[in-house]
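Take a look at the structure set out below.
Protein chains in written order, with the working numbering: chain A, 233 to 344; chain B, 130 to 243.
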């Protein structure tokens, strides 16, 4: 079983749609959680951190459920520019606190 | 502005040759990482460093080595390139040894081993 698992998709949605991605992780001692965005053939960039209380940044909402060990990302009112691969990232336990484990990514295509 | 750069951006080499990929960051970050990314896979950690003279193996370290002689640079060496090492390589850095730190990525090096 992979340490971080994501539904690979692809997700094909029309503009304006709401889409949700889920991610599960296996290490219950994991410390911190992120969503990164990666455009085709480019480097990943941080989209948002994920906090236990849930957090929102404009059209994007991230949730963390430590008990079930899953993370979600909700995108509302999808734009064409949201088309990308979204990577779920989990940072290590106390022994490897700076080390990240990446999911394989979920591909989103937003169509006109 | 602080940044992280990689060179070369593209490289074609032959099987058996030694290849070194450069990574240079001006963030003054202690942590640096090397990943490879292959089609259909996420980023897999090759080696990482928490500071000068510190290096650690990641999940796919066989055939690769790194050294950290200063804060800014973490070169990745392929000792004897193999076709299985054809991939896109990303270098990243983060601020301090702590769990909640964002990683900043370089633009990547596309390596082809023929």
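In this text, a Cβ means the ideal position worked out from N, Cα and C, and glycines have one as well.
Query raised in the report: Apart from the five residues just before and just after residue 139 of chain B, which ones in its own chain have a Cβ nearer than 6 Å to its Cβ?
Result: Locating residue 139 of chain B in the second chain gives position 10, where the first residue counts as 1. These residues qualify, in order along the chain: 239.
Query raised in the report: If we count Cβ pairs, one from each stretch, closer than 8 Å, do we get three or more for the segment 187-196 of chain B versus the segment 135-151 of chain B?
Result: no
Requested in this report: Check each residue of the segment 241-266 of chain A: if its Cβ is closer than 9 Å to any Cβ of chain B, include it; give the result in chain order.
Outcome: 262, 263, 264, 266
Query raised in the report: Thinking C-beta only, is residue 339 of chain A closer than 9 Å to residue 241 of chain A?
Result: In the first chain, counting from the first residue as 1, residue 241 of chain A sits at position 9. In the first chain, counting from the first residue as 1, residue 339 of chain A sits at position 107. The answer is yes: Cβ separation under 9 Å.
Query raised in the report: Rounded C-beta distance between residue 342 of chain A and residue 310 of chain A? I'm assuming under 8 Å.
Result: Here residue 342 of chain A refers to the residue found at position 110 of the first chain. Here residue 310 of chain A refers to the residue found at position 78 of the first chain. Right, the Cβ-Cβ distance comes to about 5 Å (below 8 Å), so this counts as a contact.
Requested in this report: Report all residues from its chain with a CB closer than 6 Å to the CB of residue 379 of chain A; omit the five preceding and five following residues, and keep chain order.
Outcome: The first residue shown for chain A is 233 and the last is 344, placing residue 379 of chain A beyond what the model contains.
Report task. Counting only the same chain and skipping the five closest in sequence on each side, list residues whose C-beta sits under 6 Å from that of residue 156 of chain B. Result -> Start at 1 with the first residue of the second chain, and residue 156 of chain B comes out as number 27. 131, 222.
Query raised in the report: For residue 237 of chain B versus residue 336 of chain A, is the C-beta spacing smaller than 9 Å?
Result: By 1-based counting over the second chain, the position of residue 237 of chain B is 108. By 1-based counting over the first chain, the position of residue 336 of chain A is 104. No; because the gap between Cβ atoms is not below 9 Å, this pair is not in contact.
Report task. With residue 173 of chain B as the anchor, note down where its beta strand (DSSP E) starts and where it stops. Result -> The residue labelled residue 173 of chain B in the question sits at position 44 within the second chain. 172-180 is the span of the beta strand (DSSP E), which, as asked, contains residue 173 of chain B.
**Report entry** Contact check, residue 199 of chain B vs residue 177 of chain B, beta carbons under 9 Å
**Finding:** For the purposes of this step, residue 199 of chain B is identified with residue 70 of the second chain, where counting begins at 1. For the purposes of this step, residue 177 of chain B is identified with residue 48 of the second chain, where counting begins at 1. Cβ atoms of residue 199 of chain B and residue 177 of chain B: not closer than 9 Å.
Query raised in the report: Rounded to a whole number of angstroms, what is the C-alpha to C-alpha distance between residue 94 of chain B and residue 312 of chain A?
Result: The structure shown does not extend to residue 94 of chain B, since chain B is modelled only from 130 through 243, so no value can be given for it.
Query raised in the report: Shortest alpha-carbon distance to residue 187 of chain B belongs to which of B:201, B:134, B:172?
Result: Within the second chain, the letter at position 58 stands for residue 187 of chain B. Of the candidates B:201, B:134, B:172, the one whose C-alpha sits nearest the C-alpha of residue 187 of chain B is B:172.
Query raised in the report: Given that residue 231 of chain B touches chain A, what residues does it touch there, using C-beta distances under 8 Å?
Result: Locating residue 231 of chain B in the second chain gives position 102, counting from the first residue. 266, 278, 281, listed in chain order.
Requested in this report: State yes or no: is the beta carbon of residue 181 of chain B nearer than 9 Å to at least one beta carbon in chain E?
Outcome: Included in the structure are the protein chains A and B, with no chain E among them.
Query raised in the report: List, in order along the chain, the chain B residues whose C-beta lies closer than 8 Å to that of residue 319 of chain A?
Result: Translated into the one-based positions of the first chain, residue 319 of chain A becomes position 87. Residues of chain B passing the Cβ test: 171, 172.
Query raised in the report: How should residue 333 of chain A be labelled, buried or exposed, when 16 other C-beta atoms within 10 angstroms of its C-beta is the threshold for buried?
Result: The sequence position of residue 333 of chain A within the first chain is 101, counting from 1. Buried, because 16 or more other Cβ atoms sit within 10 Å of the Cβ of residue 333 of chain A.
Report task. Please confirm if residue 189 of chain B has its CB atom under 9 Å from at least one CB of chain A. Result -> Residue numbering aside, residue 189 of chain B sits at position 60 when the second chain is read from its first letter. Closer than 9 Å: no.
**Report entry** Contact set between residue 236 of chain B and chain A, taken where Cβ atoms lie within less than 7 Å
**Finding:** Within the second chain, numbered from 1, the residue matching residue 236 of chain B stands at position 107. Those within 7 Å of residue 236 of chain B in chain A are 275.
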